[in-house]
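So for the sequence shown, the numbering used here puts the first residue at 1114; every next one is plus one. We treat Cβ as the ideally placed atom computed from N, Cα and C, and that holds for glycine. Okay, so here's the structure we're looking at.
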Amino acid sequence: MPGSKRNVSGSNVSAKRGRLSRELSGLEQSESRLEFQRDLQDVQERLARDPSMMKRVKLVMKMTPEQSYDREAMFHPDLEGRAVTRVPLRYLTDVFLRTLGPITSAQLRALQKADSKAPTRILLRMALVTPQSPIGPLVKAIWSSVYKGRVDALGYDISVIKFDANFVIDWQRSGHYALLPPVPPDTDPAAHRFERIEFRNFSAELDPEYPIKGNVVVQENWDFQAAYVQHPTNDFMRYPCMRFFQAAAIPALVPPFDMDACIALATEKLQALLPEPTASVASPMKAIEDGVVSQAGSSDGSTLAMGGKPASSPAKSTTAAASASPDSDKDSEASPVKANFVVVLGVKPAPPAGKPVSKEI
1114 MPGSKRNVSG SNVSAKRGRL SRELSGLEQS ESRLEFQRDL QDVQERLARD
1164 PSMMKRVKLV MKMTPEQSYD REAMFHPDLE GRAVTRVPLR YLTDVFLRTL
1214 GPITSAQLRA LQKADSKAPT RILLRMALVT PQSPIGPLVK AIWSSVYKGR
1264 VDALGYDISV IKFDANFVID WQRSGHYALL PPVPPDTDPA AHRFERIEFR
1314 NFSAELDPEY PIKGNVVVQE NWDFQAAYVQ HPTNDFMRYP CMRFFQAAAI
1364 PALVPPFDMD ACIALATEKL QALLPEPTAS VASPMKAIED GVVSQAGSSD
1414 GSTLAMGGKP ASSPAKSTTA AASASPDSDK DSEASPVKAN FVVVLGVKPA
1464 PPAGKPVSKE I
């Protein structure tokens, strides 16, 4: 029917948006592949004209090796020097934010489902940092220790984050700034007037000449620098929250975050938790790791060599084995590698209780 409008459900709009996004992504990937093919063809043509340029190509390939890293222990190397907002969301929901108080991964994922940026915004709120703050160390254990120490020093925990039954965070109650006194129940917000604004343990009086009524909200309240007071209908009534505080008081409002000192302290703590290897274990293990102990001789591994050379002749090994007691023979059969390491490294094994010590070893 001409001029009629067809109602489109939200699910259809989301499906079409998702399909369009996938198509655009496919076009971008196709364009990238075509550009790579063109660049590769250009390089081949230049090398055909001037083979001496191959040296430059090899030099560039050596300068930009493919980076490999332990995904379980580190963030991606490309994140070095990037902003803290690039911390993977899955790491925040499954690991870090759970250390800040009684909250489960399921709850955090529900918060993320309601707001895809919720984990990052919680991090900004709890650590009192901005989206432009550096990410810090890439080792996950050190990173967690640094930011956990920051949150603890500020006296925060996950209980400051308030959310409803639909897992939507109430940033008016959970954010950095609070307009006081709160609107009394059963009161028209437009008839209420805020008298002061509070940030952490500091408060500033609001100018009575510019009344801020109860229908005003604080936007971006997870970012202490970008947060602002916004009238719900008048876009011109927009005031940065930091504007209400004196500039001289800002250092006291926001404690400094010395990243280098925090990294050094976190590294020292983690190293103190590592067990120190004993001398009896360190020597053979280091020999194994360095690859200087290799197996040689008979098929049962009775002879070992250091650095690829025989440690002793077969006859001498046989004499040493014959001089051992029957109990020690059983131990050697149960753990031949351990017994061979003892012989090769020149460590005299302890004799069994009640047995004479053999002098031939």
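Boundaries of the beta strand (DSSP E) around R1351: R1351 to P1353.
A Cβ-Cβ separation of about 7 Å places R1313 in contact with L1366 under the 8 Å criterion.
With fewer than 16 neighbouring CB atoms inside 10 Å of its own CB, E1141 falls in the exposed class. Following the DSSP letters along the chain, one finds V1273 in no alpha helix (DSSP H), marked with neither H nor E. Judged by their CB atoms, I1248 and A1186 are not nearer to each other than the 8 Å cut-off.
In this chain, V1281 is not harboured by any beta strand (DSSP E), its DSSP state being neither H nor E.
Setting aside the 5 residues that flank it on each side, I1376 is surrounded in the same chain by G1249, P1250, I1255 and V1259, each with a C-beta closer than 8 Å to its C-beta; the list follows chain order. When DSSP states are grouped into helix, strand and coil, A1379 belongs to the helix group. Restricting attention to L1224, M1350, M1355 and G1327, the CA atom closest to the CA of F1280 is found in L1224. For A1291, there is no enclosing alpha helix (DSSP H); the residue is found in the beta strand (DSSP E) stretching over Y1290 to L1293.
Your pair I1216 and I1271 checks out as a contact, with CB atoms roughly 5 Å apart and the cut at 8 Å.
Secondary structure at S1138: helix, using DSSP grouped into helix, strand and coil. F1370 sits in coil when the DSSP states are folded into three classes, being neither helix nor strand. Of all alpha-carbon atoms in I1274, T1206 and Y1204, the one lying nearest the alpha-carbon of R1238 is that of I1274. In the three-state scheme derived from DSSP, where H, G and I count as helix and E and B as strand, V1170 is classed as helix. Note on geometry: alpha-carbon atoms of A1339 and M1372 lie some 22 Å from one another. For the pair P1164 and A1227, the Cα-to-Cα distance works out to about 58 Å.
Annotation for R1309: the continuous beta strand (DSSP E) segment containing it runs R1309 to F1312. Looking at Y1269, K1230 and T1380, the one whose alpha-carbon comes closest to that of L1241 is Y1269.
A direct Cα-Cα distance of roughly 56 Å separates D1320 from E1144.
Short of 6 Å from the beta carbon of R1286, and not among the five residues preceding or following it, lie these beta carbons of its own chain, in chain order: K1275. For Y1323, no beta strand (DSSP E) encloses it, and the DSSP letter there is neither H nor E. Pairing L1205 with P1244 gives a Cβ-Cβ distance that is not under 8 Å.
Under the 10 Å beta carbon count, F1149 is surrounded by fewer than 16 other beta carbons and is classified as exposed. CA-CA distance, R1356 to P1298, rounds to 29 Å. Looking at the DSSP output, Y1341 shares a beta bridge with Q1332 and P1353. For A1186, the secondary structure class from DSSP, reduced to helix, strand or coil, is coil. For P1324, the CB contacts under 7 Å within the same chain, skipping 5 residues up- and downstream, are R1306 in chain order.
Around the beta carbon of D1336, 16 or more other beta carbons lie within 10 angstroms, which makes this residue buried. In the structure shown, V1252 adopts extended strand secondary structure according to DSSP, grouped into three states. R1306 is bridged by DSSP to K1326. Beta-bridge pairing by DSSP links F1315 to F1312. The C-beta separation of E1311 from L1293 comes to about 6 Å, placing the pair in contact by the 8 Å criterion. The alpha carbon of A1379 has as its nearest neighbour, out of D1277, K1253 and L1153, the alpha carbon of K1253.
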